[in-house]
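Before any comments, here is the structure.
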Amino acid sequence: MKLHGFAISNYYNMVKMVLLEKGMAFEEVLTTPSQESSYLTKSPMGKVPCLETEQGYLTETAVIMEYLEDLGEGPSLFPDDAFQRARVREIIHYLEIYIELPARELYGDAFFSRPADEELKARVRKKLERGLQALEQITPDSAYFSAEQLSYADVFYYFTMTVFARMAKISLNWDAYNEVPKLRERIERLAQRESVQKIHADQKAGA
Ligand SMILES: N[C@@H](CCC(=O)N[C@@H](CS)C(=O)NCC(=O)O)C(=O)O
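Residue numbers for the sequence shown follow this note's numbering, so the first one is 5 and each next one is one higher.
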């Protein structure tokens, strides 16, 4: 399998973490998002990551994760219980729709010297506060979220929340690690995993 994308992409790193955690063989192909027709044949929205398999290309991180799970190699990152599995999927949806996507509206301001106005910043902060509140409501009863056994929710959480927190500090002067409940402890715990350390080492090596 070939994973297309680049080392600072949060979504790319989610899939990479799953492949590493499962001990699956894969090759990385350095690819940046593109609207070129040649890339759109692989990734119809022009985004990364995309996974090249013998049967064709797959896109959308949550879908790729489910595909890797269905291949059955390595440890499962889903609980056995149907309700808890649904909870993991619910957490992933909340993270993407209510946190990553609003936070992304300020990535230009935070990371790419494209200043945003105060009105946009206020709107994004409000959406994020709402998303974080909702996320917290669905997380405590999930045994498969930042608990002893790693789940897809943890993978999605780590790479959504670390980038969100960096953006929040720079663009919103918001110290998320000290203000968002449980954020620091969850991130510190996940950061100890070998897979995460390899991903950060690869980021540094490529920088
Ligand atoms: N929903 C997509 C989001 C992927 C995504 O937004 N990737 C970013 C890089 S981190 C990208 O390709 N951005 C370029 C674009 O949106 O055109 C997924 O789950 O994979």
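Ideal Cβ placement from N, Cα and C applies to all residues, glycine included.
Might you give, ordered along the chain, the residues of its own chain that have their beta carbon closer than 8 Å to the beta carbon of residue i, omitting 5 neighbours on each side?
i          : result
residue 51 : 15, 37 and 63
residue 49 : 63
From which residue to which residue does the alpha helix (DSSP H) around residue i run?
i           : result
residue 130 : 122-142
residue 200 : 198-210
residue 175 : 156-176
residue 95  : 86-98
residue 107 : 105-108
Check whether the Cβ of residue i lies closer than 6 Å to any heavy atom of ligand 1, and answer yes or no.
i           : result
residue 15  : yes
residue 1   : Missing from the structure shown is residue 1; the chain here goes from 5 to 211 and no further.
residue 125 : no
residue 6   : no
residue 92  : no
residue 112 : no
residue 52  : yes
residue 144 : no
What are the partner residues of residue i, as DSSP defines its beta bridges?
i          : result
residue 62 : 55
residue 34 : 9
Ignore the nearest five residues each way along the sequence and tell me which others in residue i's own chain have a CB closer than 6 Å to its CB.
i           : result
residue 188 : 181
residue 114 : 171, 174 and 175
First and last residue of the beta strand (DSSP E) that includes residue i?
i         : result
residue 6 : 6-9
Closer than 7 Å by C-beta to residue i: which residues in its own chain qualify, once you throw out the five before and the five after it? Chain order, please.
i           : result
residue 206 : 11
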